[in-house]
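These notes concern the structure reproduced below.
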Amino acid sequence: MTDSTLHTRVLRASPEQPEAAVIAEAAATIRAGKLVAFPTETVYGLGANALDAAAVNRIFAAKGRPAFDPIIVHLADAAQLPTVAVEIPPLARDLAAAFWPGALTLVLKKHARIPAAISAGLETVGLRVPAHPVALALLRAADLPIGAPSANLFSRPSPTTAAHVLADLEGRVELILDGGETTIGMESTILNLTGDQPVVLRPGGVPLEALRQFIPEITFTPQYAAADVPAAAPGTLLKHYSPRAEVRLYSGDDEAVVRRLKSDAAGLLSQGKAVGILLPSTELRPFLESESPYTVLSLGKSLDEIAGNLFARLRDMDRMGVHVILTRLIDGEGLALAIRDRLIRAAEGRIIAV
Ligand code: TXA
Ligand code: MG
């Protein structure tokens, strides 16, 4: 369904004060039923008019996304909730007041005006108000709810720069707004509020510790579906966020992991594989000898940095021709939960316990 003659335009949009003319053009593109990729504070989104089923179907086609994976609807303001959801519980209003604009997606009962394609036929819809001046300006100017999954090809790492979007979607989308690097670099936390108890479907930019103000007992129970088939819960597909390279994910005591990484890296090298080492900056020293036979990339130091860098470094490894990426689980709370989730998915669920 992709139009191979489609020309993708890239327009720079200031992340502080988006240019009115650029936003007006992007809004007109959305209103015309076309696709616009835009920055949010989490990752870049691939947007279309959420009320236009044909436009929504173009998102699925452009991404190569299976029709059973529902799409998040973005709003300019929490006051628009009643226009897209019904039976809104008080907890949803409290969470929206506390965390929007921000990296929290609330799954609520869907309003009839939202087309079935957005929600993959479910009775629910995922909603959030993004905290990015470009995204908010676009939502206000378009004056429509905008459906937007991450702007990557299906199962590739989410894009945190316009260059990542272009690499995946050139010729598949009309317009990309380049607002620079996204700030968080991990997708939103998804919370389902349609059951008896609130359930975290995906850990993300808003840490569980922050949600506990409102839902003291909230935890995340990973449920990864092994194959590319419709999952019990949408969005739990295991193969996700994957670079082309194989990811080997190690866990265990720091020194033991380094020792094992070193010996496995040497073994892979002797089999003729291009090996990438991807670790927090504080753990790279043993691999930083001059003339290292490995591609060594740093994830950064703090959890904020690691979250911001992870997807970009996975893409870098692919660009640099790496066959096997050796990395490790990241300990800690807060954003570490989302980072671990993405690492486990990138490694297709395999953890090598040392
Ligand atoms: O930060 C984000 O959430 C970014 C930016 C662009 O907003 N969006 C994003 O969208 O990550 P996407 O489509 O890549 O991931 C959204 C996830 C999917 O795994 C989907 O299954 C789940 O949200 N989801 C969406 N609507 C849902 C619903 N009604 N019920 C359950 N899960 C839903
Ligand atoms: Mg995605």
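Count along the sequence shown from 1, then add 39; that gives the number in this note's numbering. Glycine is no exception: its CB is placed at the ideal position from the N, C-alpha and C atoms. Being a predicted model, the structure only gives us computed values, none of them experimental.
### Query
Pick from Leu288, Leu147, Arg97, Leu323: whose alpha carbon is nearest that of Asn88?
Within the sequence shown, the letter at position 49 stands for residue 88. In terms of CA proximity to Asn88, Arg97 leads the group Leu288, Leu147, Arg97, Leu323.
### Task
Give a yes or no on contact between the segment 179-191 and the segment 128-135, applying the rule of three or more CB pairs nearer than 8 Å.
Fewer than three pairs of CB atoms, one per stretch, sit closer than 8 Å, so the segment 179-191 makes no contact with the segment 128-135.
### Query
Are three or more beta carbon pairs between the segment 216-231 and the segment 112-129 nearer than 8 Å?
With a cut-off of 8 Å, the segment 112-129 and the segment 216-231 do not count as touching, because too few Cβ pairs lie within range.
### Query
Among Ile153, Ala94, Ala92, Lys102, which has the Cα closest to the Cα of Gln395?
There is no way to answer for residue 395, as the model of the chain reaches only from 40 to 393.
### Message
Could you check whether Leu230 and Val239 sit closer than 7 Å to each other, using their CB atoms as the reference points?
### Response
Working through the sequence shown from its first residue, we reach residue 239 at position 200. Working through the sequence shown from its first residue, we reach residue 230 at position 191. Contact flag set, yes.
#### Entry: Range covered by the alpha helix (DSSP H) that runs through Gly347
For the purposes of this step, residue 347 is identified with residue 308 of the sequence shown, where counting begins at 1. Start and end: 342-358.
### Message
I need the DSSP call for Met225, collapsed to helix, strand or coil.
### Response
Here residue 225 refers to the residue found at position 186 when the sequence shown is read from its first residue. For Met225, the secondary structure class from DSSP, reduced to helix, strand or coil, is coil.
### Message
Please state the DSSP three-state secondary structure of Ala151.
### Response
By one-based count along the sequence shown, residue 151 stands at place 112. In this structure, Ala151 counts as coil in the three-state DSSP scheme.
### Message
Could you tell me the alpha carbon to alpha carbon distance between Glu64 and Ala180, rounded to whole angstroms?
### Response
As a working mapping, residue 64 is identified with position 25 in the sequence shown. As a working mapping, residue 180 is identified with position 141 in the sequence shown. Our two residues, Glu64 and Ala180, have alpha carbons roughly 9 Å apart in a direct line.
### Task
Would you identify the three-state DSSP class for Ala170, choosing helix, strand or coil?
In the sequence shown, residue 170 corresponds to position 131, counting from 1. Coil at Ala170, not helix or strand.
### Message
Measuring only from the beta carbon, is Leu161 closer than 6 Å to any heavy atom that is part of the ligand TXA?
### Response
One-based indexing of the sequence shown puts residue 161 at position 122. Yes.
### Task
Please specify which runs of the alpha helix (DSSP H), each continuous and at least 4 residues long, are wholly inside the segment 182-237, giving them in chain order.
Fully enclosed alpha helix (DSSP H) runs of 4 or longer: 201-208.
#### Entry: Those residues, in chain order, that have a beta-carbon closer than 7 Å to some heavy atom of the ligand MG
With 7 Å as the limit, the residues whose C-beta approaches a heavy atom of the ligand MG more closely than that are Pro188, Ser189, Asn191, Ser197, Glu226, in chain order.
### Ile69 CB to nearest heavy atom of the ligand TXA below 6 Å
As a working note, residue 69 is residue 30 in the sequence shown. A distance criterion of 6 Å places the beta-carbon of Ile69 beyond contact range of the ligand TXA, judged by its closest non-hydrogen atom.
### Query
How is Ile390 classed by DSSP in three states: helix, strand or coil?
Start at 1 with the first residue of the sequence shown, and residue 390 comes out as number 351. Three-state DSSP puts Ile390 in a strand.
### Task
Name the residue from Leu147, Pro140, Phe107, Ala100 whose alpha carbon lies nearest to the alpha carbon of Thr122.
In the sequence shown, counting from the first residue as 1, residue 122 sits at position 83. The shortest C-alpha separation from Thr122 is found at Leu147.
### Task
Check whether the Cβ atoms of Phe350 and Thr228 lie closer than 7 Å to each other.
Reading the sequence shown from its first residue, position 311 is the one you call residue 350. Reading the sequence shown from its first residue, position 189 is the one you call residue 228. The Cβ atoms of Phe350 and Thr228 do not sit closer than 7 Å to each other.
### Cross-strand partners of Glu328 (DSSP beta bridge)
If you number the sequence shown from 1, residue 328 lands on position 289. Checking the DSSP bridge columns, you'll see Glu328 has no partner listed.
### Task
Could you tell me which residues DSSP pairs with Leu143 in its beta bridges?
Here residue 143 refers to the residue found at position 104 when the sequence shown is read from its first residue. Note: Leu143 sits in a beta bridge opposite Thr228.
### Message
Comparing C-alpha positions only, which one of Ala106, Leu353, Ala392 sits nearest to Leu288?
### Response
By one-based count along the sequence shown, residue 288 stands at place 249. When only C-alpha atoms are compared, the closest one is Ala392.
### Task
Tell me whether Ser53 sits in a helix, a strand or coil according to DSSP, three-state version.
The residue labelled residue 53 in the question sits at position 14 within the sequence shown. Three-state result, Ser53: coil.
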